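Chains as they are written, first to last, in our numbering: chain A, 105 to 635; chain B, 96 to 309.
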Amino acid sequence: MISLIRQSKALVLIIKDFEVQLLLWEAKVLSLIEVYADFQDSKDRFDRALHQYSDYPLIIIADVIEESFRNETVVHVAATDRKALLDRKLSYSFRNTRFRSARITGREESGRRDDKVMLSAITKPELVNPWVDKLLSMNRSIQSISSMAYLTESYLSSVGGKVPEHLMLISIGDSLNLRQTYIKKGKVLFSRLTTLASLDVSALGENIYQESLQIRKYLERIRLLSYEDSLEIRVYTPYDKSSLASFLHSSTSNSFECFDSREETLLYNLELQEAKPSGLYLFLANALQNKRIENIYANLDVKRYFYLKKIAQGMTLGASVLVVLSMMINAPTLSDTLDKQSLQEAVEAQSIPLRAEYERLSQRFPETPIDSKEMALVVETSETIRKQSYMPMDAMNLISQALAQSPDLEVSSIEWKMVENEAEQSADQGFFGYSPPQEVVPGAEFIQAVLDERTSLKVVLEGVAFSPRSYREAQEQVQRLVNALEAFPGVSVVPLKLPTDVRVDTRVSTTVDDDELRADYSLELTLEAVE
Amino acid sequence: MRQLTPFANKDLLLIKWKIVFFILCVLISVAMFWATETLYSKANRSLIIAQGELYSARSAVEMIEEEEATIVEYIDRYQELSNQRIIQPEDRLVFLEAVADLRAQYDLFPIELNIGEQLGVPLQYDPSESEPGGPIDLKASTVSINYSLLHEEDLSRFLGGLLNTEGLYQTRECQIQTVNQNTQSYLYLAQHFLARCELLWYTFDLGLEGEESI
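Structure (structure tokens):
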């Protein structure tokens with residue numbers, strides 16, 4: 105993951121006015137591997153290096169005099185139109201080079217509040233073009249094209265600490281080239297490479313001081329810096345900083361501070377052969393170690409192989425991740441599938457003996473005229489009917505035995521009848537106590553009662569009681585008959601009519617004479633079914 | 096042709112194998128998903144079918160055992176019902192012949208006989224029965240008998256004889272009453288009693304007639 109943010113490896117081509125250096129960034133070590141006087145000089149060695157490090161992306165850093173910075177204002181437009189506006193502005197300002205860039209640096213504080221724009225370009229593309237063309241012809245990926253000025257900005261943002269609003273960063277390079285970069289609120293607004301007139305190191309301090317004042321005046325003139333603004337000037341030198349410091353007189357407007365780039369670069373692994381560890385290598389190593397170097401000047405056409413390589417890497421990674429993810433996602437389902445297959449086999453194995461058992465039972469199954477359930481229903485129903493089939497003679501025999509207790513009673517009629525009882529409401533049928541009425545075939549209510557075993561037996565006995573002597577005796581004869589009948593198990597008797605009705609809530613009418621007493625009586629017997 | 100990407104075709108050809116690899120991996124992933132889902136669905140379906148077959152086999156074995164037990168329990172009684180012509184349609188001619196034979200056998204007074212229209216009651220299986228049998232109707236005809244008796248025995252012998260003939264009968268009502276109790280002497284051979292009985296004559300309709308005709 106960190107390698108996606110930081111630079112893991114790269115070939116860095118530093119293009120200077122007087123030479124071109126090829127550095128290798130690998131395993132956090134920045135090594136100078138080739139130095140070419142110019143493109144013609146590089147021919148075979150550059151090819152060899154490219155072949156040797158065939159899959160290393162190329163980073164091109166321009167540290168040339170011919171890098172121009174312009175600060176202008178443009179009308180503030182929507183983001184969608186801004187790119188077109190800046191492209192037009194760049195085409196107008198730097199027509200002859202493809203290595204150009206524009207960035208919004210802020211907005212005017214008054215008036216139309218236009219956008220402040222900083223345009224920069226490598227104005228002598230011939231310095232870079234041969235290298236770029238060579239790389240593109242070999243389908244090599246160019247990751248970024250930047251410059252020393254932008255490396256400075258990157259360095260400042262990564263070292264931390266409070267960055268002053270107005271800062272000039274001066275780096276002394278090889279051949280006593282002086283790179284002066286003006287940074288306002290952390291953004292590069294101007295940079296210039298100056299070749300000092302004197303190569304005398306002892307005069308370096310004075311030269312830097314004079315150049316700094318001169319740049320300040322220029323910045324004031326182009327209104328990037330006001331007269332009253334204080335400017336902090338940091339000088340990175342690969343020479344003795346104490347000899348410089350004595351010439352750099354700080355004032356309220358300009359405050360100087362010196363840094364020994366040899367000491368600063370000790371924090372990084374640099375193998376620079378004979379090159380001096382100037383600010384350029386310090387800023388470059390810092391940028392490579394902490395982040396990826398931002399592309400400033402390479403357009404899509406220049407970076408196409410880099411993008412294609414990234415797309416290819418992305419596709420490879422994405423495809424691999426996709427396959428791995430698919431396998432991971434599908435693994436539980438596949439496991440479930442295998443489990444289900446095992447379970448299926450187990451279930452099928454259980455079915456086999458059952459099927460064999462079924463076959464065995466089927467073969468020995470007795471011959472039946474009808475389905476067993478139909479058979480059971482027919483038999484059960486017939487037995488239900490038989491259970492409720494009574495012989496009237498049984499009741500008559502019972503009455504006959506009881507009459508022995510009352511020999512003077514005569515029987516004129518016996519009515520034996522099976523009656524249907526009311527159906528009981530079942531509490532567990534239906535919802536909320538509601539039970540749908542059972543459909544009964546019209547006219548078959550009694551048959552349904554038989555099927556439901558809701559029948560009982562009633563016998564109505566009518567006759568005449570004789571008594572030559574008293575009413576009481578006639579009454580007692582009937583009462584004896586009642587008692588005799590009730591003595592049989594399951595028999596209850598209700599006298600419907602007695603010879604003499606002696607209840608006080610009715611009227612009694614009779615003729616009292618010498619004739620014998622003859623009075624009708626009527627009894628209702630209820631016989632419970634006795635198993 | 097319109098350029099779909101900002102890259103020239105010759106540049107895109109540089110990563111053609113990566114593109115092929117990517118497409119292949121996407122296809123493999125899709126195929127993996129499809130194959131896994133298909134296999135899972137198939138395994139799931141097969142398991143459900145196997146479980147269903149196991150359930151069916153168990154049910155079939157249980158059912159056949161149950162049926163066998165039922166048949167063993169009921170076959171004799173059913174056979175008896177069949178022998179008694181209870182599982183056949185009513186044969187009223189046979190019934191009338193039987194009544195006539197009984198009358199002759201017991202030397203009875205003339206018998207007045209009415210056989211009513213046959214009613215059919217569909218029998219209900221136990222509601223908890225998951226696989227009930229075919230429809231069965233209980234058929235019933237009401238037989239009304241009126242005749243005079245010399246004495247009470249005439250009723251008991253006739254009824255006893257009738258109820259012992261082939262068929263399933265149930266006495267529903269029976270009334271016996273004296274005739275001119277005050278005037279007649281039991282010493283004379285005469286119609287001393289009047290009997291009126293009502294019987295239910297049951298048969299079972301299994302709906303086999305149609306099947307037999309097929």
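We put the beta carbon where it would ideally sit given N, CA and C, even for glycine.
Quick caveat: nothing in here was measured; it's all calculated off a predicted structure.
Cβ of residue i within 8 Å of any chain A Cβ
i, result
"arginine 180/B", "no"
"glutamine 146/B", "yes"
"serine 308/B", "Because the pLDDT at serine 308/B is just 34, under 50, the model does not fix this residue reliably, and the value given afterwards should be weighed accordingly. No, its Cβ sits nowhere closer than 8 Å to a Cβ of chain A."
"glutamine 286/B", "no"
"glutamine 183/B", "no"
"serine 141/B", "yes"
"isoleucine 213/B", "Correcting the residue identity first, residue 213/B is glutamine in this sequence and not isoleucine. Not one chain A Cβ lies under 8 Å of glutamine 213/B."
"leucine 149/B", "yes"
"valine 156/B", "yes"
Own chain, CB closer than 7 Å to residue i, minus 5 neighbours either side, in chain order
i, result
"lysine 147/A", "none"
"serine 261/A", "Gly290"
"arginine 187/B", "Ile210"
Own chain partners of residue i with C-beta closer than 8 Å, once the 5 adjacent residues on each side are dropped
i, result
"glutamine 318/A", "none"
"alanine 499/A", "Ile518, Trp520, Leu561, Val563, Leu629 and Leu631"
"arginine 327/A", "none"
7 Å Cβ cut-off: residues of chain B touching residue i
i, result
"leucine 438/A", "Thr131"
"aspartate 475/A", "Gly228 and Gly229"
"glutamine 552/A", "Val216"
"tryptophan 235/A", "Within chain B, no residue comes near tryptophan 235/A; the closest Cβ sits about 19 Å away, beyond 7 Å."
"alanine 416/A", "Ile110 and Lys113"
"alanine 114/A", "Per Cβ cutoff of 7 Å: no residues; alanine 114/A is ~20 Å from chain B at best."
8 Å Cβ cutoff, residue i in contact with chain B
i, result
"isoleucine 246/A", "no"
"isoleucine 397/A", "no"
"glycine 210/A", "no"
"asparagine 434/A", "yes"
"serine 516/A", "yes"
"alanine 527/A", "no"
"leucine 589/A", "no"
"valine 595/A", "no"
"asparagine 403/A", "no"
"lysine 48/A", "Within the shown structure, residues of chain A are numbered from 105 to 635, placing residue 48/A beyond reach of any answer."
"glutamine 581/A", "no"
"lysine 444/A", "yes"
"phenylalanine 570/A", "no"
"arginine 202/A", "no"
"threonine 441/A", "yes"
Exposure of residue i, with buried meaning 16 or more beta-carbon neighbours within 10 Å
i, result
"arginine 244/A", "buried"
"valine 236/A", "buried"
"glutamate 368/A", "buried"
"glutamine 581/A", "buried"
"phenylalanine 102/B", "buried"
"phenylalanine 203/A", "buried"
"glutamate 307/B", "Because glutamate 307/B carries a pLDDT of 40, less than 50, the predicted location of this residue cannot be relied on, and the following value inherits that uncertainty. It counts as exposed."
"tryptophan 296/B", "buried"
"tyrosine 196/A", "exposed"
"glycine 567/A", "buried"
Proximal residues to residue i (C-beta, below 6 Å), its chain only, five neighbours per side dropped
i, result
"tyrosine 340/A", "Ser275, Phe363, Ser365 and Gly383"
"leucine 258/B", "Tyr264"
"glutamine 492/A", "Val554 and Thr559"
"glycine 537/A", "Any reading at glycine 537/A needs caution, since the residue's pLDDT is 49, under 50, leaving its predicted position unreliable; the model's value is listed next. Taken in chain order, the list of residues that qualify is empty."
"serine 259/A", "Residue identity check: residue 259/A is tyrosine in the sequence provided, not serine. Phe387 and Asn390, listed in sequence order."
"leucine 231/A", "Ile119 and Val168"
"leucine 289/B", "Ser243, Gln272 and Val274"
"glutamate 130/A", "Lys113"
Residue i CB to nearest heavy atom of the ligand SAM below 7 Å
i, result
"valine 451/A", "Absence of the ligand SAM from the depicted structure is noted, as is the absence of any ligand whatsoever, leaving it without description."
Under 8 Å by beta carbon: chain B residues contacting residue i
i, result
"tyrosine 494/A", "Thr266"
"leucine 481/A", "Leu218, Tyr220, Gly228 and Ile231"
Contacts of residue i in chain B (Cβ-Cβ under 9 Å)
i, result
"tryptophan 129/A", "Under the 9 Å cutoff, chain B gives no residues; its nearest Cβ is about 24 Å from tryptophan 129/A."
"arginine 408/A", "Pro101, Phe102, Ala103 and Asp106"
"threonine 485/A", "Leu218, Ile231, Leu233, Tyr297 and Phe299"
Cross-chain neighbours of residue i in chain A, by beta carbon under 7 Å
i, result
"leucine 109/B", "Asn243 and Leu412"
Amino acids of chain A, ordered along the chain, whose beta-carbon sits closer than 9 Å to that of residue i
i, result
"glutamate 163/B", "Leu465, Arg468, Phe469, Pro470 and Ser476"
Residues of the region 111 to 133 of chain B whose Cβ lies closer than 8 Å to any Cβ of chain A, in chain order = Lys113, Ile114, Phe116, Phe117, Leu119, Cys120, Val121, Ile123, Ser124, Met127, Phe128, Thr131 and Glu132
query = When you check each C-beta in the region 452 to 463 of chain A against every C-beta of chain B, which residues fall closer than 7 Å?
reply = Glu452, Gln454, Ser455, Leu458, Arg459, Glu461 and Tyr462
ask   = Which residues, in order along the region 240 to 270 of chain B, keep a beta-carbon less than 8 Å from a beta-carbon of chain A?
value = Glu247, Leu250, Ser251, Leu254, Gly255, Leu258, Leu263, Tyr264, Gln265, Thr266, Arg267, Glu268, Cys269 and Gln270
request  = Select from the region 190 to 203 of chain B all residues with a C-beta closer than 7 Å to any C-beta belonging to chain A, and list them in chain order.
outcome  = none
key: Residues in the region 500 to 512 of chain A having any Cβ partner in chain B nearer than 8 Å   = Met500
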